[in-house]
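*Asks:* If you're matching positions, the sequence shown starts at 1 in our numbering and goes up one per residue. Have a look at the structure that comes next, please.
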Amino acid sequence: MALSISNTITDSAGRELLEYGTPEFPIAFYLDDLDEVEVPWHWHSQFELVITTQGAQRISAGGNEYVLKEGDSLLLNSGVLHSAVPLESHTLQHVMVFDATVLGEPSSIYYRRYLLPFMRNPSVSVLVFHKETDWQSKITQLAEEAFHAGAYDVPLGELIVRDSLSMIFRQILSHEDSLSSNLPLGSDRDITRAKQMIRYMEEHVSEELSLTEIAADCHLSVSEALRCFKRIMNTSPIRFLNQLRLRKAGEQLTTTDRPINEIAAQCGFHDMSYFTRVFKAEKHMTPTQYRKKTGT
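Here's what the structure looks like:
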């Protein structure tokens, strides 16, 4: 176990493709400065525990937005679309992404009686733990114990991680009556549709796309596509598409020496002046300046 480097790589449906930990102990630990690390929209089948250790951030997930201040934490259930942005400079977070099998194999009573029903319960898609509430503060404390044991290879680290995570779920399930649904009515269907629209935009990112084409791929009217996407993502499909294109362009500017006009075209920008204008508006520097600052 050790700290991992944050690098969100997704497939065409926005599902993160990273491997977490090892097959024997599938958990990864990240220490992120959100001034330097982007957390774009993505999802994965693993749980994710986020602890804000400095500053504040806004996490969008499950059709809602959550503000995490220093000392707050959040648990994302399996399959939840989410993203994060800092609300203050030098916001730091500790993150653990872990498979349910860290706590019990699929054949075990722990998995079948506790973990599987939890993963299938839409009312616990996103859980926020505030430092002002004693039992929630205890969860954040346990999460920090797990993080430090796993990230810094302390003696008996695997045992401490598993014990702390088990205690977190014990705390959550012991306060089940106080947990309310974080999903608006109909969100399961809307999340599926949003993932399908994201997949279509990823697969056709280099093409000129209209909202009509995006909606048609999901067999939806334009108004229904716009409604369900905004409900889950808190933005429009076209705005999301532009951000997706800019993120992909930024990645290529950083990791390749390809000409900027080729990168722009591959990312769906066929007018260089427009590309430069929107890139500067988003990144506060031109593509050339961004490459000089971030390129390897």
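Even for Gly, the Cβ is constructed at its ideal location relative to N, Cα and C. What you are looking at is a predicted structure, and each value in this text was computed from that prediction instead of being measured.
Tell me where the beta strand (DSSP E) around residue 64 begins and ends.
*Replies:* Segment 64-69, the beta strand (DSSP E) holding residue 64.
*Asks:* Which residues does DSSP pair with residue 73 in a beta bridge?
*Replies:* Per DSSP, 51 and 129.
*Asks:* Can you tell me the Cα-Cα spacing of residue 268 and residue 218, whole angstroms?
*Replies:* So the alpha carbons of these two residues sit roughly 21 Å apart.
*Asks:* So if DSSP puts residue 58 in a beta bridge, which residue, or which two residues, is it bridged to?
*Replies:* 67 and 85.
*Asks:* Going by DSSP, which residues form a beta bridge with residue 279?
*Replies:* In the DSSP output, where bridge partners are listed per residue, residue 279 has none listed.
*Asks:* May I ask you to verify whether the region 252-261 touches the region 286-294, counting CB pairs closer than 8 Å and requiring at least 3?
*Replies:* The region 252-261, when compared against the region 286-294, does touch it at the 8 Å Cβ threshold.
*Asks:* Where does residue 135 land, buried or exposed, given buried means 16+ other C-beta within 10 angstroms?
*Replies:* It is exposed - the Cβ of residue 135 has fewer than 16 other Cβ atoms within 10 Å.
*Asks:* Tell me whether the region 110-123 and the region 260-275 touch, counting them as touching only if at least three CB pairs, one residue from each stretch, are closer than 8 Å.
*Replies:* Segments in contact, no.
*Asks:* Compute the beta-carbon to beta-carbon distance between residue 124 and residue 77, rounded to the nearest angstrom, for a pair I have assumed lies under 8 Å.
*Replies:* Confirmed, about 6 Å.
*Asks:* Would you kindly work out how many angstroms separate the C-alpha atoms of residue 242 and residue 206, rounded to a whole number?
*Replies:* In a straight line, the C-alpha of residue 242 is about 11 Å away from that of residue 206.
*Asks:* Rank 224, 232, 246 and 73 by C-alpha distance to the C-alpha of residue 132 and give the top, closest one.
*Replies:* Looking at the Cα atoms, 73 is the closest of the given residues.
*Asks:* Would residue 140 and residue 93 qualify as a contact pair, given that the criterion is a beta-carbon distance under 7 Å?
*Replies:* No, they are not a contact pair.
*Asks:* Locate the beta strand (DSSP E) running through residue 40, then write down its first and last residues.
*Replies:* Run containing residue 40: 39-42, per the beta strand (DSSP E) assignment.
*Asks:* Can you tell me where the beta strand (DSSP E) with residue 153 in it begins and where it stops?
*Replies:* Where residue 153 is concerned, there is no enclosing beta strand (DSSP E), given that its DSSP letter is neither H nor E.
*Asks:* Consult DSSP for residue 25 and reduce its assignment to one of helix, strand or coil.
*Replies:* The answer is coil: DSSP assigns residue 25 none of H, G, I, E or B.
*Asks:* Is residue 98 helix, strand or coil when you go by DSSP?
*Replies:* Residue 98: strand per DSSP, three-state reduction.
*Asks:* Would you list the residues sitting across from residue 32 in a DSSP beta bridge?
*Replies:* In DSSP, residue 32 forms a bridge with 93.
*Asks:* Classify residue 250 as helix, strand or coil using the three-state DSSP reduction.
*Replies:* Three-state DSSP puts residue 250 in a helix.
*Asks:* Just to confirm, is the Cβ distance from residue 97 to residue 20 under 7 Å?
*Replies:* For residue 97 and residue 20, yes; Cβs fall inside 7 Å.
*Asks:* Tell me, to the nearest whole angstrom, how far the beta carbon of residue 103 is from that of residue 165; I am working on the premise that it is less than 8 Å.
*Replies:* Sure, about 6 Å apart at Cβ, within 8 Å.
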